[in-house]
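When the letters of the sequence shown are read in order and numbered with the working numbering, they come out as residues 12 to 402. Notes follow the structure.
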Amino acid sequence: MSNSEFGLETQAIRTQTERTQFLEHSVPLYLTSSFVFEDAEDMRASFTEEKERNIYSRFTNPNTSEFVEKICKMEGAEDGYAFATGMAAIYSTFAALLESGDHIVSVGSVFGSTHTLFTKYFPKWNISTSYFDINKPETIESYIQPNTKILFAESPTNPAVDIIDLELLGQIAKKYNLILIIDNCFATPFLQNPIQYGADLVVHSATKLIDGQGRVLGGITVGRADLIREIYLFSRNTGPALSPFNAWVLSKSLETLPVRVERHCENAVKVAEFLENHPNVNRVKYPFLKSHPQYEIAKKQMKLGGNIVAFEIKGGIEAGRRFLDKIQWCSLSANLGDTRTIVTHPASTTHSKLTEEERLAVSITDGLVRVSVGLETVQDVINDLQQALEQ
12 MSNSEFGLET
22 QAIRTQTERT
32 QFLEHSVPLY
42 LTSSFVFEDA
52 EDMRASFTEE
62 KERNIYSRFT
72 NPNTSEFVEK
82 ICKMEGAEDG
92 YAFATGMAAI
102 YSTFAALLES
112 GDHIVSVGSV
122 FGSTHTLFTK
132 YFPKWNISTS
142 YFDINKPETI
152 ESYIQPNTKI
162 LFAESPTNPA
172 VDIIDLELLG
182 QIAKKYNLIL
192 IIDNCFATPF
202 LQNPIQYGAD
212 LVVHSATKLI
222 DGQGRVLGGI
232 TVGRADLIRE
242 IYLFSRNTGP
252 ALSPFNAWVL
262 SKSLETLPVR
272 VERHCENAVK
282 VAEFLENHPN
292 VNRVKYPFLK
302 SHPQYEIAKK
312 QMKLGGNIVA
322 FEIKGGIEAG
332 RRFLDKIQWC
342 SLSANLGDTR
352 TIVTHPASTT
362 HSKLTEEERL
372 AVSITDGLVR
382 VSVGLETVQD
392 VINDLQQALE
402 Q
């Protein structure tokens, strides 16, 4: 099936590995480490890549190939590779494409582990990173150096839910011949397709909304075939491959991604509107609220606003801690994108090791709370947040 023939929902459901002799309706699990060859010539041709076939599950597997094909069709990508985790995808993508002396320009608001890669590990290999302020996109070009190779951004960002104009990034990347990589984890392929705005590669932590039920870890990078080839060769030798079982779970999850994410967004809007009117809340950040600073950009490039709501509770860090303690049944967890609503307070937990100045530079105030809105009855979610806020 080509992208032009069918809609996204059909692609997510009907893209399947070729049926076996048993004519199964649902794709089976291929729990095998390796695959056999018919004879010496078959083996030779397979290892020289004259034949396209499965050799070893660290390279490819029918379950991982199906998952990759689905994401490629949903994102409009040429090719892809699936990883054991989202961070394996981030690390392997950068490591495969960068050389000593290269430079990255990145939005300052990045996931904590990505920030650690950029600031602690990549400098060991003489790879440097410059951060730009997501609220000052007009400054991006000033950070580009002769050795800059990659332009990177998340949108929406974690945890402050800021938005960057993907079309602008695409134009800058083209002007300076940079590789544009977008972390599309919060939006999913259902809500946003960065490739149509000029992204060369798109990365996902499939652990989040793609799985959607907090069951398995996974990651994926899709995009230009020539770049994916480099990432594949690097990963084939370093071994961060997604397991066939997790690939099977994630491929099944994609069949319901559109209907799940649509309901997540529907619930999230209602939670955001409730919070915006609560007296103990200073401000609310949600892409599809008109009060969001990048509301117009979000409306341009996203189908809906996603499931993450960020809000600032009055009273700073201590109020944030008390709020978590008063939550009765919403989950306190480091994950997001689950069927279950999850509440976190970054300043006292995930980002507590940063100084206040460092947190504020990426829009994390002392009272910031992140809510990953789930699929429960939305009034029940609101009731739990309300009683915690009022105590």
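Here a beta-carbon is modelled for each residue, glycine too, at the ideal position from N, C-alpha and C. Predicted model, so just to flag it, every value in this text is computed and none were measured.
- Take residue 26, set aside five residues on each side of it, and the residues of its chain with a beta-carbon closer than 8 Å to its own are 12, 77, 80, 81, 84, in chain order.
- Distance from the CA of residue 148 to the CA of residue 287, rounded to the nearest whole angstrom, comes to 27 Å.
- Collapsing the DSSP output to three states places residue 179 in a helix.
- Its Cα nearest to that of residue 356, the residue 382 stands out among 350, 382, 369, 366.
- Looking at the backbone, the Cα of residue 53 and that of residue 260 are separated by about 31 Å.
- In this structure the segment 179 to 195 touches the segment 155 to 166; the number of beta carbon pairs closer than 8 Å is three or more.
- Contact between the segment 313 to 325 and the segment 382 to 398 is present, with at least three C-beta pairs closer than 8 Å.
- With distances taken between CA atoms, residue 324 lies nearest to 358 out of 203, 315, 358, 271.
- Restricting attention to 396, 374, 24, 388, the CA atom closest to the CA of residue 173 is found in 374.
- In this structure residue 90 touches residue 233 by the C-beta definition: roughly 7 Å separates them, less than 8 Å.
- Residue range 159 to 165 is occupied by the beta strand (DSSP E) that includes residue 160, with no alpha helix (DSSP H) assigned at that position.
- Take residue 249, set aside five residues on each side of it, and no residue of its chain has a beta-carbon closer than 6 Å to its own.
- In the three-state reduction of the DSSP assignment, residue 218 falls in the coil class, being assigned neither a helical nor a strand state.
- The DSSP-derived three-state label of residue 286 is helix.
- Under the DSSP assignment, residue 97 falls outside any beta strand (DSSP E), being part of the alpha helix (DSSP H) whose first and last residues are 97 to 108.
- Judged by DSSP secondary structure, residue 296 falls within the beta strand (DSSP E) whose first and last residues are 292 to 296.
- Judged by their CB atoms, residue 180 and residue 220 are not nearer to each other than the 9 Å cut-off.
- Our two residues, residue 314 and residue 273, have alpha carbons roughly 9 Å apart in a direct line.
- Taking a cut-off of 8 Å for Cβ pairs, the segment 102 to 113 and the segment 134 to 141 touch, as three or more such pairs fall below it.
- Bounds of any alpha helix (DSSP H) do not take in residue 383; it lies within the beta strand (DSSP E) bounded by 379 to 383.
- Residue range 306 to 312 is occupied by the alpha helix (DSSP H) that includes residue 307.
- In the three-state DSSP reduction, residue 41 falls in the coil class, being neither helix nor strand.
- Fewer than three pairs of CB atoms, one per stretch, sit closer than 8 Å, so the segment 270 to 284 makes no contact with the segment 97 to 107.
- Looking only at 17, 256, 348, the smallest Cα-Cα distance to residue 73 is reached by 256.
- By the neighbour-count definition (other C-beta atoms within 10 Å, threshold 16), residue 204 is a buried residue.
- One Cα belongs to residue 30, the other to residue 44, and the distance between them is close to 20 Å.
- By the 16-neighbour rule on beta-carbons within 10 angstroms, residue 240 is exposed.
- Secondary structure of residue 199 (DSSP, three-state): helix.
- Taking the CA atoms as reference points, residue 105 sits about 8 Å from residue 242.
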